[in-house]
Amino acid sequence: MAVGREPDRARPGEEAPMVDNGPRGSKPSVAVPPDHIEAVRSTHSIEQRIIIARKEAARLMQDDLSEADCHLLRHVLHVIALDAEVRVRQALADTLADNPLAPHDIVLALAKDENLVASPLLRLSEVLTPGDLVALIESQITDAKMSAIADRNIVPAPVCLALVEHCSGDTVTRLLRNHGADIPERGLNRIVDRHGGREDVQVALINRDALPATVVERVVALVSAELLTRLVERHRLPIKAAAKVVLETRDRATFGLTPGLSCGTLTDLVEHLIAEHRLTYSLLLRSLCVGNIEIIIHAIAVRSRLSTAYVWSRLVQSSEEGLRDLWRGGDLPIKLLPLAKVATKVLVESERDGANWDVAHYRRRIVERIITEDLDVEFDDDDIAYLEATRDHSAAGRQGFVSGAAHA
């Protein structure tokens, strides 16, 4: 029911509403005469009717009600549910909300009422079935009502899917924060489709107890460095996503050796890639070409059990023999050592000169050095093609200026 609209009530000349007098699915058999409703309104104040609503709804929990008592009580509750005063209907809804014996037809009618009346039932009532909730959501109920459904202790998968498709980003965030919400993988991907650009949604996604690999891979490309760090800490990244992070950390960085991720996060990523045998020559070559010398540093640190600060100082200051010892300790392909030396030189030069280079300029500079200097390295055709493509791509597009920063 639309906001502000009252439930249907009998008017003079119209058929009186019916009360469900037995189990759900049985034929309604008792009508509420309009004069009964009017009699209650005319003989009791609003405050008195609120008290009556709470008292009569509470009687549903009595064990000693006869069949005739139950019949009459349902009749009375239906009269109250048709009251013109919203506070009376709200009192009834509040009292019925956590009552598993509440009549289904009355609960469903109140769930279509104004937000104040409907919300407690939508949030708490076990009488409403998943089918009821999906139908309500698909009928374009207000977002306040959808938020109440999103806050239920248990939100089954079909209800989650309906909410994801129809509700606002604010309500999606509430749903994601609800540990009782059974959001299936396609629902999580749909959230990324519809609301993935919102930081509050990103935070709520990352804070879920578990995320499918397909969702993690998509979130990696959306979030800030701070949230990416949290994502890596909370969820084991799929190999594809981990490699993507390694190659794209420079785009998130201020210039120098500050990739926007914490030292611990980078260590976790490198350890993950090593464990899966995916810290490959190809990945390391591409990392160097995009300026991610820190991946080399962390790989050496992990395998040699050295600090990253010590590895960096050795890369900058060591002799040729010292560099080879460092490289062997990191169990890295020896043909990458000359490339790492070039990348390190470019970084040191930029910091020494206080250069403000954009990332594309840095990439172009390092690749040109690799291609033009006599490095005594034999590149295969795929390596050469990649280096040339990286140089050409960097020359074609600029990616925003980044300023020099010291290694932390």
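Taking my numbering, I'd label the letters of the sequence shown as residues 1497 to 1904.
For each residue, glycine too, the CB sits at the ideal point set by N, CA and C.
Helix, strand or coil: how does DSSP classify A1677 here?
strand
If you draw a straight line from the alpha carbon of E1817 to that of S1800, how long is it in whole angstroms?
17 Å
Indicate whether the contact test is met: 3 or more Cβ pairs, each with one atom in the region 1579–1589 and one in the region 1630–1641, closer than 8 Å.
no
Apart from the five residues just before and just after L1780, which ones in its own chain have a Cβ nearer than 8 Å to its Cβ?
I1791, I1792, A1795, L1828, P1829, L1832
For the candidate residues E1622, V1842, A1797, S1803, whose alpha-carbon lies nearest to that of R1824?
A1797
In the structure shown, what three-state DSSP assignment does V1623 receive?
coil
Can you give me the start and stop residues for the alpha helix (DSSP H) that K1551 sits inside?
1542–1554
Three or more C-beta pairs under 8 Å: does that hold for the region 1672–1682 against the region 1639–1655?
yes
Bridge partners of V1651, per DSSP?
A1677
V1719 - DSSP class collapsed to helix/strand/coil:
Here V1719 carries a coil assignment [DSSP, helix/strand/coil].
Could you tell me if M1642 is buried or exposed, where buried requires 16 or more neighbouring beta carbons within 10 angstroms of its beta carbon?
buried
Please report the straight-line C-alpha distance between M1557 and L1597, rounded to a whole angstrom.
7 Å
Can you tell me whether DSSP reads Q1698 as helix, strand or coil?
helix
Please state whether the Cβ-Cβ distance between L1618 and A1605 is less than 7 Å.
Their beta carbons are not under 7 Å apart, which means L1618 does not touch A1605 by this criterion.
Hey, out of V1766, I1548, L1843, whose CA is closest to R1732's CA?
V1766
Just how far apart, CA to CA, sit D1764 and C1663?
36 Å
Using C-beta distances below 7 Å, list every residue in its chain close to V1668, excluding the 5 sequence neighbours before and after it, in chain order.
V1660, I1687, H1691, V1697
R1670: buried (16+ other C-beta within 10 angstroms of its C-beta) or exposed?
Note on R1670: 16 or more other CB atoms within 10 angstroms of its CB, so buried under the neighbour-count rule.
Secondary structure at G1692, three-state DSSP: helix, strand or coil?
DSSP places G1692 in coil when its eight states are reduced to three.
Closer than 8 Å by C-beta to G1693: which residues in its own chain qualify, once you throw out the five before and the five after it? Chain order, please.
L1718
Helix, strand or coil, according to DSSP, for E1816 in the structure here?
helix
What does the alpha-carbon distance come out to for the pair V1786 and A1593?
59 Å
To which residues of the same chain is I1546 closer than 7 Å at the C-beta, ignoring the five residues directly before and after it?
Excluding residues within five positions, the ones whose Cβ falls inside 7 Å are R1583, V1584, A1587.
Mapping DSSP to helix, strand and coil, what is L1802?
If DSSP states are grouped into helix, strand and coil, L1802 belongs with coil.
What residue does the alpha helix (DSSP H) around S1783 start on, and which one ends it?
1777–1785
When the Cα atoms are used, what is the spatial distance from L1684 to E1729?
Roughly 20 Å between the two C-alpha positions.
Run through DSSP, which three-state label would G1826 get?
coil
Relative to the C-alpha of E1622, which candidate in R1774, N1595, Q1813, D1601 has its C-alpha closest?
Minimum Cα distance to E1622 is reached at N1595.
Would you say V1712 and A1737 are within 7 Å of each other, going by their C-beta atoms?
yes
Cα-Cα separation, H1574 to E1552:
11 Å
According to DSSP, simplified to helix, strand and coil, what is C1566?
Three-state DSSP puts C1566 in a helix.
Assuming K1740 and V1716 are in contact, meaning their beta carbons sit under 8 Å apart, how far apart are those beta carbons, in whole angstroms?
6 Å
Nearest-angstrom Cα separation, counted from E1722 out to A1700:
14 Å
Inter-residue spacing [alpha-carbon to alpha-carbon] between A1839 and L1802
Pairing A1839 with L1802, the inter-Cα distance amounts to about 21 Å.
Enclosing alpha helix (DSSP H) for C1759 [first to last residue]
1759–1771
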